[in-house]
Every structure is written in structure tokens, then in C-alpha cells.
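Residue numbers (this note's numbering): 5 to 410. Note that CB positions come from ideal geometry on N, CA and C, so glycine has one too.
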Ligand SMILES: CC(=O)SCCNC(=O)CCNC(=O)[C@H](O)C(C)(C)COP(=O)(O)OP(=O)(O)OC[C@H]1O[C@@H](n2cnc3c(N)ncnc32)[C@H](O)[C@@H]1OP(=O)(O)O
């Protein structure tokens, strides 16, 4: 029996709950001015609080979105954007109660998937979330990063002022589209809380540039310069920190990188959580100008309705495979699924490969192979011939990527 209650929060509890999240992440609760800006991005709907009497001691929230899956469909999904427990109430099962309630609520709402970005990698696996997308942190040494002559070079780049950045980029993101598995729609409430407050004009110091190709704007980058000059090193160039970079095609992508690399008074570009198959290293003359400083879990995914989610993605040509799933928290998903190039259906046939919800999520967007996960002991193999077949069935072209902070 818990000594706290878990329930949807009331409208008047939003700010206290958001303050709790800020403090759990070692920030400060927003002042009036900051809350006026970000408050609308944190509605009471889809937020659960844990309460000790009237005092909030934990929270979890999500917003409704759609997530692209292999084959191009977009599925209704929950983007879990705030999970926190007050530091004096941790390790008593508060987040377990919150996340369990949230999963059931998302199922009731018809979400097929839930995704999140984790502060620590040890929190979410027990709730059936798996690392479905890896990202790489890039460091680019600009003085050595000249682009090769054959790299596409049509179009031009234009810096936007703050108001333009706030009004133009949402439509541009929508037009670029969800071209990789794992990408999500950014609903209207995402922009004020995550983009507008960062850019010049919205209170932050990030600048925004768009790429203009033959058919108009087709890419954008959100970045800021971090001054590196010191008394002893007064000529040191700035670091450009890239926050958000999306392009509709290779020419727009190349154009945005060319713009960043060519910026004066800059020594280095830092671009965290780029796709693992980012082509920049192949674009430069000196491949070592583009360095991967880290690879980590970018997006965690949870299949809420495993049957519907498996049926919604496409599969490559390979012999059919029967997967056995054990889902402790959402037991209606437990069962066997026959995966073939024609799709995925429930079956009574014996499972060739058995796994839990976390591991199925790792396979789902194509980031991991069944063979690698079996090799790691994460899949129980009854029929070894099913492994190469599953590798091929789940394989995707472009690597999955999310590319949206939340
Ligand atoms: C999507 C996002 O918002 S990511 C941000 C997540 N939030 C944070 O990192 C803020 C700071 N941390 C916190 O607020 C809390 O510590 C939380 C949310 C991570 C965990 O909340 P708690 O209420 O302490 O978790 P709870 O007591 O339910 O723990 C469940 C289990 O997970 C384990 N666990 C929980 N957090 C952690 C952790 N950070 N590291 C390792 N294990 C953990 C517990 O030990 C427990 O294991 P057990 O069942 O075997 O005993």
C-alpha cells in the first residue's frame, strides 16, 4: 500500500508540478516571466502527479504526437517529456506508480507508442522502454573541414531575425516531414516551450538560419556561438553549438553544414545527437575534421499496443519469424507474433525468438539486429535460423533518428 496518491493534476497545480520537475533536474522553478512563456507548453492534460496529502512529490507528463515508423506510416504516440520525483521521496516506488498509470492512460487514449529521452539509462528499461535510436555527438574542426567539390551546392542560406524564426520554422519543419523512422510531429504546444524560448526574440541567444533551395526554404539550423577567448588566448575562435538541424534533401543538408563551417571567428562546431549515418564525414576532404566524441541513447521507445505497432511497419524480404513477447506491465501484449514481408499478425505458433518489451522496442525501428541482441543474451533463441531472417526483416534503409528535444 502506497502512502501517496497518483492522479491527474488539476489546472491550478501545473506550476507547482513543473517547479518540482525543474528542481529534480537541478534547475530552479520558473519565475513569473519564465512561467508566462513556458506555462502554455505544460498543460494539465496528460500530466499525472503523485501527492503526499496536498503536496506534489512526483510527476510524469506527455504530449500527444505522431511517430514515423519504418515504411513511412506515422503512428499516434505519447512523447513523455517530464518525469520527476522530489529528492526527499525517491526510491519508494513513486515513479513506478506514476509510469505504470501513465502507460495505462496512453493505451486508453489510443497511443500505439511512447517515447522519451532519458536523463539516466537505468530508469526506463523496467517499464518496457528500450533504446530504439542511438545518436552521435559530432565535433567538427572548422579549419580542416573544407567540403569536397562534388558535394551538392545549390541554394543559399539566410539568417532569420527572432520573430521570423518563431513564425517560419514550425511550417518549415512540417514541410520537411518525418523522413526517418523515429521522427515525431511537433505539436503547436511544443514550439513555445522548446524552440521559441531559446531563440533571439523569444528570450534566448540561439540564432536561426534557413536554407533556400530551388523550391524555397528546405532546411534550417538553430545554433549559438560560445565565446572561447581568454586573456591568454585572445584570438581563439568560438564554438558553434548546434541545437536543431533539419534538411529536406542532401543539398539543403550540405548547404547548412557549409554555412556553419564557413562562419568567421569559429574554431569548432559541436552537434550533439546526430544520426549515426550523418553523411558529413563523407562530405569533407579531411575525414578526421569530423569527429564522433560520443555515441549514446537518443530515443527510448515503448510499444503500447504491440500487435498494432508491429503491423504498422514494413518488413524486408526474408523467411517469416515468430517472435514471443513477454510484457509484464501491459500483459495484453504478451503472446506470439508472426513477422513476414506481408506484415505482422498474432499467432499460436511456437516462438522462435523470445524477448521482453524493452528488447522488442530496441528492434522495432531497425537500430539493433536480432543477432546482436541474442549475442548479448537479450533474446532467447529456440531456432537459430530465425536470427538472420529477423535481422533482414527488421532492417531499414536510413538509420532511425528523432532530432527533436522534449
Ligand atoms: C523523460 C524524462 O523526463 S527523464 C528525467 C527523469 N528525471 C530525473 O532524472 C530527475 C531526478 N531523478 C528523479 O526524479 C527520480 O530519482 C527518478 C524519477 C529517476 C526515479 O524515481 P523513484 O521514485 O526514486 O523511482 P522508484 O522508487 O519507483 O524506483 C523504481 C526502481 O528503479 C530504480 N531506480 C529508480 N531510479 C533510478 C536511478 N536513477 N538509477 C538506478 N536505479 C533507479 C529503483 O532503485 C527501483 O528499483 P527496485 O524496484 O529494484 O528497488
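Residue i, buried or exposed, once every other Cβ within 10 Å from all chains shown has been counted against 16
| i | result |
| --- | --- |
| residue 126 | exposed |
| residue 132 | buried |
| residue 124 | exposed |
| residue 197 | buried |
| residue 84 | buried |
| residue 299 | exposed |
| residue 146 | buried |
| residue 230 | exposed |
| residue 317 | buried |
| residue 250 | buried |
| residue 157 | exposed |
| residue 331 | buried |
| residue 29 | exposed |
| residue 215 | buried |
| residue 16 | exposed |
Contacts around residue i, its chain only, beta-carbon distance under 6 Å, and the 5 residues preceding and following it disregarded
| i | result |
| --- | --- |
| residue 111 | 308 |
| residue 434 | Given a span of 5 to 410 for the chain in the structure shown, any question on residue 434 remains unanswerable. |
| residue 22 | 46 |
| residue 387 | 356 |
| residue 53 | 13, 21, 60 and 63 |
| residue 323 | 393 |
Sheet register partners of residue i (DSSP bridge)
| i | result |
| --- | --- |
| residue 139 | 300 |
| residue 67 | 83 |
| residue 359 | 329 |
| residue 55 | 9 and 60 |
| residue 200 | According to DSSP, which records beta bridges pairwise, residue 200 is partnered with nothing at all. |
| residue 210 | 203 |
| residue 216 | 160 and 221 |
| residue 295 | 143 |
| residue 385 | 357 |
| residue 88 | 63 |
| residue 306 | 118 |
| residue 73 | The partner list for residue 73 (beta bridge, DSSP) is empty, contrary to what the question assumes. |
| residue 288 | 151 |
| residue 78 | 72 |
First through last residue of the alpha helix (DSSP H) which encompasses residue i
| i | result |
| --- | --- |
| residue 171 | 166–180 |
| residue 263 | 254–265 |
| residue 36 | 36–42 |
| residue 21 | 18–28 |
| residue 347 | No alpha helix (DSSP H) holds residue 347; the beta strand (DSSP E) holding it covers 347–351. |
| residue 311 | 310–316 |
| residue 324 | Neither: residue 324 is in no alpha helix (DSSP H) and is coded neither H nor E. |
| residue 271 | Counting along the chain, residue 271 falls outside any alpha helix (DSSP H), though it belongs to the beta strand (DSSP E) covering 270–278. |
| residue 105 | 98–113 |
| residue 395 | 390–398 |
Extent of the continuous beta strand (DSSP E) run through residue i
| i | result |
| --- | --- |
| residue 187 | Premise fails: residue 187 is in no beta strand (DSSP E) and is neither H nor E. |
| residue 224 | 220–230 |
| residue 248 | 242–251 |
| residue 342 | 339–344 |
| residue 119 | 117–120 |
Near ligand 3: residue i beta-carbon under 7 Å from a heavy atom
| i | result |
| --- | --- |
| residue 120 | The model depicted lacks ligand 3 and carries ligand 1 instead. |
Own chain partners of residue i with C-beta closer than 7 Å, once the 5 adjacent residues on each side are dropped
| i | result |
| --- | --- |
| residue 39 | 19 |
| residue 137 | 186, 302, 303, 369, 371, 404, 405 and 406 |
| residue 173 | 199, 212 and 224 |
| residue 247 | 202, 210, 226 and 227 |
| residue 363 | 134, 377, 382 and 383 |
| residue 79 | 70, 71, 73, 116, 117, 313 and 316 |
| residue 269 | 241 and 242 |
| residue 385 | 357, 378 and 391 |
| residue 166 | 203, 204, 205 and 206 |
| residue 32 | 26 |
Same chain, Cβ closer than 8 Å to residue i, neighbours up to 5 away in sequence not counted
| i | result |
| --- | --- |
| residue 252 | 179, 180, 181, 183, 217, 222 and 223 |
| residue 97 | 6 |
| residue 42 | 22, 34, 196, 197 and 201 |
| residue 399 | 320, 370 and 373 |
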